[in-house]
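Residue numbers (our numbering), protein chains in the order written: chain Z, 18 to 128; chain S, 18 to 128.
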DNA sequence: AATCGTTATATTTGTACGAACATAACGCAA
DNA sequence: TTGCGTTATGTTCGTACAAATATAACGATT
């Protein structure tokens, strides 16, 4: 019985995905780097894909999840809003709880 | 707060997927129809894809999940083994429990 | 005004995956 | 022995999605 159980969770609104694992790791990278391009590079994602993901998240969310500025000192940047942080936190706690729950389930049922 | 949380689970063995939602619906269709080609058609899947999925499942599982016969009355067929049934049952109960758990989680945390 | 690093966006190129098609083998039934 | 419906497998073709490339706009700093 070396069977393992895995899961992925995501948050939807109006039948469209708002937040999944990939978007969350991107948002966390933005928080750490203060820049969308640096965040994308740090997680091995193309800038274009990162930008379109963030664009989709901000369109779907009730409030902005990131804010960005163009030009100026350092060329500009992007930061995670407090609302974005709360979303990321909620996602991660629920995700960890889900993993723990599933481990309990698989140990309960023997196959 | 019209945010919904969704999930997909799957069973792995040795870092390879053994069973996910698609494979489980295919296995259930085999149980109902007694034939791989009929099962594939009933769920709108090509025979080749269905066959390769079932092949992968049987290679990875500890014991055979389906058995098949070629030729004879009706041309042959495929059936779900008792072990296959137990795997399907385990997957579905854990999956339902996971959904319920996540609904509780999202109602607990307000975002 | 020239430079720099960034956001923002369009366009082209590549590729992985499924769809579609083709065919062999099999064993019962007529 | 011919036909049938199935399992089993290979091969070709499309297409959606990611990767790569290109370019404009922006604003502080020098």
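For each residue, glycine too, the CB sits at the ideal point set by N, CA and C.
All figures in this text were calculated on a predicted structure; none of them were measured in a lab.
For the beta strand (DSSP E) assignment, the uninterrupted runs of no fewer than 3 residues enclosed by the segment 42-121 of chain Z are, from N- to C-terminal side, 83-87 and 93-97. Spanning the alpha carbons of residue 31(Z) and residue 64(S) requires a straight line of approximately 34 Å.
Burial check for residue 61(Z): the Cβ neighbour count within 10 Å stays below 16, so the residue is exposed. Residue 88(S) is classed as exposed because its beta carbon has fewer than 16 other beta carbons within 10 Å across all chains shown.
Interface criterion not met: the Cβ of residue 75(Z) is under 8 Å from no Cβ in chain S.
Here the segment 20-30 of chain Z makes contact with the segment 25-43 of chain S; the two share three or more CB pairs at distances below 8 Å. Excluding the 5 residues flanking it on each side, residue 116(Z) has same chain C-beta neighbours closer than 8 Å at 24, in chain order.
Proximity to residue 39(Z) across 119(Z), 84(Z) and 68(Z) peaks at 68(Z), based on C-alpha coordinates. Against chain Z, a Cβ distance below 8 Å from residue 27(S) picks out 22, 23 and 24.
In the displayed model, residue 126(Z) falls within coil according to three-state DSSP, outside both helix and strand.
Among the residues of chain S, those whose CB is under 8 Å from the CB of residue 111(Z) are 22, 119, 122, 123 and 126, following chain order.
Among the residues of chain Z, those whose CB is under 8 Å from the CB of residue 107(S) are 126 and 128, following chain order.
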